[in-house]
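The opening residue of the sequence shown carries number 0 in numbering that gives the first Met the number 0; numbering runs sequentially from there. All C-beta atoms in this analysis are idealised placements derived from N, C-alpha and C, irrespective of residue type, glycine included. Here's the structure, in structure tokens; my notes come after.
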Amino acid sequence: MIETKIAIKQEFCSLLRSTGRRGIDEVIAELERIGFFAAPAASKKHLAYNGGLVEHSLTVYRVASRLVEDMRILRPDISINEDSLKIVALLHDVCKATRYRWNTEKKEYESDYSIMPVGHGEKSVIMLLRMGLELQDDEIMAIRWHMGAWDLSLHSNEAQKNYVEAGGLSPLVPLLQTADTLAALIVENGK
0 MIETKIAIKQ EFCSLLRSTG RRGIDEVIAE LERIGFFAAP AASKKHLAYN GGLVEHSLTV
60 YRVASRLVED MRILRPDISI NEDSLKIVAL LHDVCKATRY RWNTEKKEYE SDYSIMPVGH
120 GEKSVIMLLR MGLELQDDEI MAIRWHMGAW DLSLHSNEAQ KNYVEAGGLS PLVPLLQTAD
180 TLAALIVENG K
């Protein structure tokens, strides 16, 4: 199990480094500092165990990569930057590194929204920018809106229009949302 967690972390870091993005080693060091590699992906549903978040992030990247392959067959004119795909898929849930706390009495993770409660996608974007990662506009939109339909009902008409517009401006937006949903609800279901 420990070897598997080490291999998952190494693959994750290798993929991020392969983007050649300036400051990526500092981002990885900050992810280590905030507990990203030990965090669960959720409190109860999917991958609610130590290391589940990094495992989920890799699964989202793998699903997104497969979706891009299929999209290139159906729509060869659509361009998806591979480095951007890695950035958004691997880092879309960085906010979850500070979201969950282990309750020793109940022996389960509990959600803690007390640290910068600004919204799931927004918080991940803010954290990444504060880490010094330069994000492109389509990457910001994809991470911001990766929850898509799951949280749109809580937002205003303006937010719904922004979500639709973002998806029309960049295929990265619906791609990440779809990959995240498929990863959590199908690939990781029952884990």
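- Compute the Euclidean distance between the alpha carbons of G147 and K106, then round it to the nearest angstrom. 31 Å
- Task: Please state whether DSSP places Y108 in a helix, a strand or coil.
- Result: strand
- Query: How many whole angstroms separate the CB atoms of L52 and A96, which I take to be in contact at a CB cut-off of 8 Å?
  - Reply: 7 Å
- Answer yes or no: do D179 and V87 have a C-beta to C-beta separation smaller than 7 Å? no
- Item | Euclidean distance between Cα positions of H119 and F35 | 15 Å
- Message: Taking a contact to mean a Cβ-Cβ separation below 7 Å, would you say L184 touches L66 in this structure?
- Response: no
- Message: In chain order, what are the residue ranges of uninterrupted alpha helix (DSSP H) at least 4 long that sit wholly in the segment 7–54?
- Response: 23–33
- Query: R129: which of F11, V93, T18 sits nearest, CA to CA?
  - Reply: V93
- Who pairs with N102 in a beta bridge, going by DSSP? E107
- Local Cβ density within 10 Å of P39, reported as buried at 16 or more and exposed below that: buried
- Does DSSP put Q135 in a helix, a strand or coil? coil
- For the alpha helix (DSSP H) holding D179, just list the boundary residues, first then last. 171–181
- Message: Along the chain, where does the alpha helix (DSSP H) containing K95 start, and where does it finish?
- Response: K95 -> no alpha helix (DSSP H), and no H or E assigned at all.
- Task: Can you give me the start and stop residues for the alpha helix (DSSP H) that G147 sits inside?
- Result: Run containing G147: none; DSSP gives neither H nor E here.
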